[in-house]
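Read through the structure below, which is laid out as structure tokens, and then see the notes.
In full-length UniProt numbering, the protein residues as written are 1 to 286.
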């Protein structure tokens, strides 16, 4: 019985063991019934004569205990994305970098296999807002692409735990990324990512892929792919592309233009899983 009345059926169980009841019993909010002709229809209080079904509202508060979960809450601004190295550094810490919704870069200090929540944040200062980041864990290098389409990189030292790191340590690349910028809109800034290995970066803008050679300062023509959602590179430089298919490209055929800093690219040495990407939301590629 709830409040000396029959308890409502089907609502006595909780979603998981992390939940417990804050109220000992169910409480009836309103004694009055509401009526409707259909169980999924609109309910009102003035249709008692013609209503075939009736209902009334009960409440009971429940409490969620986060300390029973493997998740830890970390205080931070609104985060757009998080990138982390795929292996521990020589100091047994894991490089974790976050990009805020406002385009600021934060490094999480003290993250390890024994302390995956970390200790504190260090802001890595930049001269312009950033729209996407990439950690090249081989050599611990951080890449970023700014909202005005500039490519920067810097070393990432997990021992730097001050409140901020200077913007003067960024290496700026003098490259013309206008071919990428013409595909970028305010909306697609949220569907833009970079990945890469050594001096080669890949930029995904929606369903379009670009190959950026920072050593030779060339940018490929746009390479469209069906339903392209994710691109990630492994430690050997192969790239895995998630679209309708899962496509692994071990090598590219790259043909430079003679009159400008641009290239044409074509896949070479390819493995493909047909339609495998349809039911996958995200993946990691080693």
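From the three backbone atoms N, C-alpha and C, an ideal C-beta is built for every residue, glycine too.
Asked                                                                                                                       : Found
Residue of 127, 131, 97 and 126 minimising C-alpha distance to residue 117                                                  : 97
Close-in-space but distant-in-sequence residues of the same chain around residue 230 (CB under 6 Å, 5 per side omitted)     : 242
DSSP-derived helix/strand/coil call for residue 181                                                                         : helix
Nonlocal neighbours in the same chain, by C-beta distance under 6 Å from residue 201, ignoring five residues either side    : 194 and 212
Closest Cα partner of residue 87 within the set 209, 235, 192 and 154                                                       : 235
Exposed unless 16 or more other CB atoms sit within 10 angstroms - verdict on residue 283                                   : exposed
Rounded separation between residue 58 and residue 28 - CA only                                                              : 4 Å
Residue burial classification, residue 25 (beta-carbon count within 10 angstroms, cutoff 16)                                : exposed
6 Å Cβ shell around residue 1 - same chain, five flanking residues per side excluded                                        : Here residue 1 scores only 47 on pLDDT, less than 50, and its place in the model is too uncertain to base an answer on.
Neighbourhood of residue 32 by C-beta distance below 8 Å, restricted to the same chain and skipping five residues each side : 45 and 56
Spatially closest choice to residue 266 from 66, 137 and 225, by CA coordinates                                             : 225
DSSP beta-bridge partners of residue 76                                                                                     : Per DSSP, none; premise fails for residue 76.
Cα-Cα separation between residue 162 and residue 273, rounded to whole angstroms                                            : 45 Å
Coarse secondary structure for residue 148, derived from DSSP in three states                                               : coil
N-terminal and C-terminal residue of the beta strand (DSSP E) that residue 64 is part of                                    : 62-64
One or two residues paired with residue 267 in a DSSP bridge                                                                : 252
Cβ-based neighbour list, residue 250, same chain, cut-off 6 Å, excluding 5 preceding and 5 following                        : 238 and 269
Selection from 79, 75, 222 and 174 that minimises the alpha carbon distance to residue 207                                  : 222
Endpoints, the beta strand (DSSP E) within which residue 320 is located                                                     : With the chain covering 1 to 286 only, the question about residue 320 has no answer from this structure.
Reduced DSSP secondary structure (H/G/I, E/B, other) of residue 113                                                         : coil
Cα-Cα separation, residue 279 to residue 209                                                                                : 21 Å
C-alpha distance - residue 131 paired with residue 261, whole-angstrom precision                                            : 24 Å
Residue environment, residue 14, which counts as buried when at least 16 other CB atoms sit within 10 Å                     : exposed
Helix, strand or coil at residue 168 [DSSP, three-state]                                                                    : helix
Counterpart residues of residue 134 in DSSP-defined beta bridges                                                            : 143
Residue interval of the beta strand (DSSP E) (run including residue 20)                                                     : 19-21
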